[in-house]
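Please read the structure below before turning to the comments.
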Amino acid sequence: MLSLNHSNTTFLLMGLPGLEEMYIWLSIPLCVMYIVAVAGNSLILWVVKSETILHQPMYYFLSMLAMTDLGLSFSTLPTMLTIYLLGHREVEVDACLAQLFFIHTFSVMESSVLLSMAFDRFVAICNPLRYTTILPSSRVAGLGLAIVVRSIGLHVPAPIMLKKLPYCHTGHLSHSYCLHPDVMKLACADTRVNSAYGLFVVLSTLGMDSMLIVASYVLILYAVLTIASQTERLKALNTCVSHICAVLLFYTPMIGLSMIHRFGKQASPCIRVLLSYLHFLMPPMVNPIVYTIKTKQIRQRIFHFFQSSGAKMRIRQEH
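As structure tokens, then:
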């Protein structure tokens, strides 16, 4: 079978199969999700930047999470909108490789930030007296830089390796955006090296991060159980609720999607698409909502911001 030049190769993305006639209506909740995600994470960044009282390690990590969620939203946005608003499913190979690079890079960044936040909670609960000593601003900035270098460095080879593969025909992808395993399956060449590298990246990032997060919470739970007062126990655990929600929201759909791809070959394509939406679209939208509800300082600052804005508008109207 002859392979096509990359310039002539296109991939076909998948929306929700069987609901093509409703795409224009489905685009409404999708657009709302993106608007909420962008507005919520931008508001978190603005509040943390503008309020000096929030210039603490916990909120610095929260800002990193918000920036990562914004990056993930903007990475999936182009193809999602073209499918549901314009009905265009075709994507050129170069654009596809660029998208998968950013999606996987920001996914690993999010995993790394969640691990850093778990370490932050571990230090705050298990060694509170040395919290500011262990996590000064310079160390937090260093962790942020390490996260960026690690995520980008590990994913630069992936699109380069995929670019060198021949693609035999216009291929049908399994999702509404380009992902590494999906594109790799469309190549008409030996992809064992690509597959091995992809597995190495997943195990060394998402796999290792999830195990370290679990280990952190085992140690946190052990430390909390040594606290004599039940009230203090609940107070300590309450500081972890938002982070636990973010971790579950990120990893649970990913594990389910991975299991279906490997063991659920007969599963409906619709289930795979919905799980991928839960994994890539829900965390950016829900994380700022959860942290706003559960974090008193952020909630107060946002309330004060809207209260001040309302007062200024009334003054302008009166004049």
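For what it's worth, this note's numbering labels the leading residue of the sequence shown as 5, then goes sequentially. Where a beta carbon is used, it is the ideal one built from N, C-alpha and C, also for glycine.
For residue i, does the count of other Cβ atoms within 10 angstroms reach 16, so buried, or fall short, so exposed?
i    : result
S11  : Note that S11 scores a pLDDT of 48, beneath 50, so its modelled location is shaky and nothing firm can be said.
M353 : A query on residue 353 cannot be resolved here, the shown segment of the chain reaching from 5 to 323 and no further.
T80  : buried
P140 : exposed
D247 : Asp is not the amino acid found at residue 247; the sequence shown has His there. The residue is buried, with at least 16 neighbouring Cβ atoms inside 10 Å.
T230 : exposed
Y226 : exposed
L261 : buried
P33  : exposed
L6   : Residue confidence for L6 is low, a pLDDT of 42 falling below 50, so the modelled location carries little weight; the figure read from the coordinates is stated next. By the neighbour-count rule (16 or more Cβ atoms within 10 Å), L6 is not buried but exposed.
L133 : exposed
I190 : Per the sequence shown, residue 190 should be read as Leu rather than Ile. Under this definition L190 is a buried residue.
Return the CA-CA distance between residue i and residue j, expressed in angstroms with no decimal places.
i    : j    : result
I293 : L169 : 42 Å
I28  : L16  : 18 Å
M84  : L279 : 15 Å
Y63  : L210 : 23 Å
V144 : S54  : 18 Å
C244 : R125 : 7 Å
R303 : T296 : 5 Å
E94  : L223 : 48 Å
D73  : A240 : 26 Å
F65  : E25  : 42 Å
T299 : A99  : 39 Å
S67  : V52  : 7 Å
V117 : G175 : 34 Å
D186 : V153 : 25 Å
Q311 : A41  : 22 Å
S155 : F110 : 7 Å
N242 : C274 : 36 Å
Y135 : L147 : 15 Å
Between the beta-carbon of residue i and the beta-carbon of residue j, is there less than 8 Å?
i    : j    : result
Q301 : I39  : no
Y88  : G19  : yes
M215 : L253 : no
V277 : H179 : yes
M165 : N198 : yes
Q103 : C35  : no
A162 : F78  : no
I306 : L49  : no
V127 : T13  : no
H184 : G157 : no
Y221 : A150 : no
S142 : D213 : no
Under 8 Å by Cβ, that's how I've got residue i and residue j pegged, so tell me the actual separation to the nearest angstrom.
i    : j    : result
N45  : P288 : 6 Å
L76  : F284 : 6 Å
L101 : K167 : 6 Å
H108 : H159 : 5 Å
V228 : I129 : 7 Å
Mind checking whether the beta-carbon of residue i lies closer than 7 Å to any heavy atom of the ligand GTP?
i   : result
E24 : Looking at this structure, you won't find the ligand GTP or any other ligand, since it has none at all.
ask   = Can you list, in chain order, the stretches of the beta strand (DSSP E) that have 3 or more residues and sit fully within the segment 76–132?
value = 94–96
request  = Enumerate, from N- to C-terminal direction, the unbroken alpha helix (DSSP H) stretches of 4 or more residues contained entirely within the segment 152–178.
outcome  = 161–167
message = So within the segment 255–313, which uninterrupted alpha helix (DSSP H) runs reach at least 4 residues, ignoring any that extend past its ends?
response = 273–284, 286–298
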